Amino acid sequence: MKYISKFCWLFVGVLFIFSGLIKINDPVGTAIKLEEYFEVFSVDIAPFFKSLEPFALFFSIFLSALEIVLGVALLIRWKLKEVLVALLVMIVFFTFLTFYSAYFNKVTDCGCFGDAIKLTPWESFTKDIVLLIMILVLLFTRKYLEPLVRPTVGATVTALTAILSVGIGWYAYEHLPYVDFRAYKVGNNIPSLMQASAPLRYKYIMTKNGEEQEFEEYPTDQSYTFKQMVAINPEDGPKITDFNVWNDQGDFTQEVLSGKKLIIIVHNVAKADKDNLDDINELVKAAEKQGITPLVVTSSSGQDFEVFRHEANLAVPYFYGDGTVLKTIIRSNPGILLLQDGTVKGKWHHNDTPEIDEVQELLAG
Numbered sequence: 024m025k026y027i028s029k030f031c032w033l034f035v036g037v038l039f040i041f042s043g044l045i046k047i048n049d050p051v052g053t054a055i056k057l058e059e060y061f062e063v064f065s066v067d068i069a070p071f072f073k074s075l076e077p078f079a080l081f082f083s084i085f086l087s088a089l090e091i092v093l094g095v096a097l098l099i100r101w102k103l104k105e106v107l108v109a110l111l112v113m114i115v116f117f118t119f120l121t122f123y124s125a126y127f128n129k130v131t132d133c134g135c136f137g138d139a140i141k142l143t144p145w146e147s148f149t150k151d152i153v154l155l156i157m158i159l160v161l162l163f164t165r166k167y168l169e170p171l172v173r174p175t176v177g178a179t180v181t182a183l184t185a186i187l188s189v190g191i192g193w194y195a196y197e198h199l200p201y202v203d204f205r206a207y208k209v210g211n212n213i214p215s216l217m218q219a220s221a222p223l224r225y226k227y228i229m230t231k232n233g234e235e236q237e238f239e240e241y242p243t244d245q246s247y248t249f250k251q252m253v254a255i256n257p258e259d260g261p262k263i264t265d266f267n268v269w270n271d272q273g274d275f276t277q278e279v280l281s282g283k284k285l286i287i288i289v290h291n292v293a294k295a296d297k298d299n300l301d302d303i304n305e306l307v308k309a310a311e312k313q314g315i316t317p318l319v320v321t322s323s324s325g326q327d328f329e330v331f332r333h334e335a336n337l338a339v340p341y342f343y344g345d346g347t348v349l350k351t352i353i354r355s356n357p358g359i360l361l362l363q364d365g366t367v368k369g370k371w372h373h374n375d376t377p378e379i380d381e382v383q384e385l386l387a388g
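Sequential numbering of the sequence shown, starting at 24, is according to the numbering used here.
Below, the structure is given as structure tokens:
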């Protein structure tokens with residue numbers, strides 16, 4: 024039992040730290056996922072969940088930092104009983120979320136490991152059940168886990184971990200994620216990712232006499248009843264399926280993916296930060312002089328954006344894009360995206376608006 028206890032101790036501690044680091048790397052993405060839960064719960068459980076949406080970023084950084092702090096505290100075995108109880112409460116909460124996602128098919132990606140590792144709802148639920156069992160084992164076998172550091176050292180390490188974790192999360196919010204796990208990261212070519220890397224193959228799930236059978240070719244036996252068709256190699260499908268840019272004159276996706284484009288992305292004008300619009304305007308003017316086409320892509324209505332562009336003095340053509348896609352492309356509102364023939368050459372938070380020299384250097388590289 025001693026070895027089982029130590030295995031669970033190491034596994035749970037490392038996994039919570041890993042999970043917390045992945046989430047706090049992209050606190051805006053984690054906040055978006057929490058907003059999805061709040062939206063669903065406000066309809067299915069109680070309306071008050073809707074009032075939590077403005078605090079999604081706070082919960083994102085707090086919960087991510089808490090995972091890291093509890094993981095570190097567990098590994099150094101500081102206040103072991105209290106830490107394990109806190110971990111138990113947290114994993115019960117996460118297990119409820121993942122079960123709700125899986126059973127009711129409401130939030131199809133729990134965001135347990137952000138964009139780094141995608142798990143299906145049932146995979147996420149299974150992972151949480153395993154962690155729940157391990158934490159219970161640790162609670163009942165903690166006599167085998169002697170403290171590794173003195174109480175004062177443990178308290179100091181835990182406090183420093185908390186400060187560092189929150190700082191990491193806040194910096195990522197004020198700039199961009201340290202590591203970009205999304206399909207629109209710098210270096211990726213959007214048009215190629217909109218194509219399948221290999222032809223998709225499918226299997227057919229059929230039923231006969233109440234039993235399911237799978238076929239790679241559709242059966243000719245008419246006694247089988249079709250149930251569903253499932254891709255055998257979904258990983259070979261397009262990584263980007265929903266990138267579209269349009270305006271009232273039609274679709275401009277291919278035009279945006281051609282040539283040198285400096286794209287100002289404004290998710291929602293009502294929530295857009297206006298602190299650095301002067302810097303963005305200076306960049307836009309400099310880009311035009313260098314033959315780089317500036318444009319705006321927004322998910323707001325034309326009427327709302329017209330008001331915003333006049334207030335911001337943003338005199339460039341604007342197009343529309345899906346709000347979810349724009350948030351996936353960049354976690355800043357507004358944010359800056361540099362494309363060269365559809366390849367992402369640069370991405371910037373509005374707090375880090377670049378000089379034209381940096382833009383030209385990236386295009387020349």
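We put the beta carbon where it would ideally sit given N, CA and C, even for glycine. Nothing here was measured: the structure is a model prediction, and the numbers come from that model.
Check: Sorted by chain position, which residues of the same chain lie with C-beta nearer than 7 Å to W193's C-beta, five sequence neighbours on each side aside?; Outcome: I84
Check: From which residue to which residue does the beta strand (DSSP E) around A254 run?; Outcome: T248 to A254
Check: Below 9 Å between beta carbons: does that hold for C31 and L161?; Outcome: yes
Check: At a cut of 8 Å, does the stretch 300-313 reach the stretch 330-341 through at least three beta carbon pairs?; Outcome: yes
Check: How far does the alpha helix (DSSP H) with I156 in it extend, from its first residue to its last?; Outcome: P144 to F163
Check: Can you give the Cα-Cα distance for G346 and R165, rounded to whole angstroms?; Outcome: 48 Å
Check: Can you check whether the CB of F163 is closer than 9 Å to the CB of S124?; Outcome: no
Check: For Q236, does the three-state DSSP call read helix, strand or coil?; Outcome: strand
Check: Less than 9 Å separating the beta-carbons of I359 and P377?; Outcome: yes
Check: For I91, list the residues DSSP reports as bridge partners.; Outcome: Paired residue(s): none; I91 is not in a bridge.
Check: So, with DSSP's three-state summary, where would you put P261?; Outcome: coil
Check: The beta strand (DSSP E) spanning G358 covers which residue range?; Outcome: G358 to Q363
Check: From E234, H333 and G36, pick the residue whose C-alpha is nearest to that of A96; which is it?; Outcome: G36
Check: Extract the residue ranges of the beta strand (DSSP E) inside the stretch 278-358, only unbroken runs of 3 or more that lie entirely within it.; Outcome: 283-289, 316-321 and 341-343
Check: Should the stretch 34-49 be regarded as contacting the stretch 142-157, the criterion being three or more beta carbon pairs within less than 8 Å?; Outcome: yes
Check: Going by DSSP, what residue range makes up the alpha helix (DSSP H) through M229?; Outcome: First-last for M229: Y225 to K231, but that is the beta strand (DSSP E), not the alpha helix (DSSP H).
Check: Would you report the Cα separation of D380 and N299, rounded to the nearest angstrom?; Outcome: 18 Å
Check: With respect to the alpha helix (DSSP H) encompassing G51, which residues constitute its N-terminal and C-terminal limits?; Outcome: Gly is not the amino acid found at residue 51; the sequence shown has Val there. Note, V51: alpha helix (DSSP H), P50 to D67.
Check: Going by the beta-carbon positions, is the gap between Y241 and T230 smaller than 9 Å?; Outcome: no
Check: To the nearest angstrom, how far is it from the Cα of E58 to the Cα of T243?; Outcome: 47 Å
Check: If contact is defined by three or more beta carbon pairs under 8 Å, each pair taking one atom from either stretch, is the stretch 205-224 in contact with the stretch 98-114?; Outcome: no
Check: My output table needs one value for T376: the three-state DSSP class, helix, strand or coil.; Outcome: coil
Check: For G190, which of helix, strand or coil comes out of DSSP?; Outcome: helix
Check: For T316 and I213, what's the separation of their Cα atoms in angstroms?; Outcome: 18 Å
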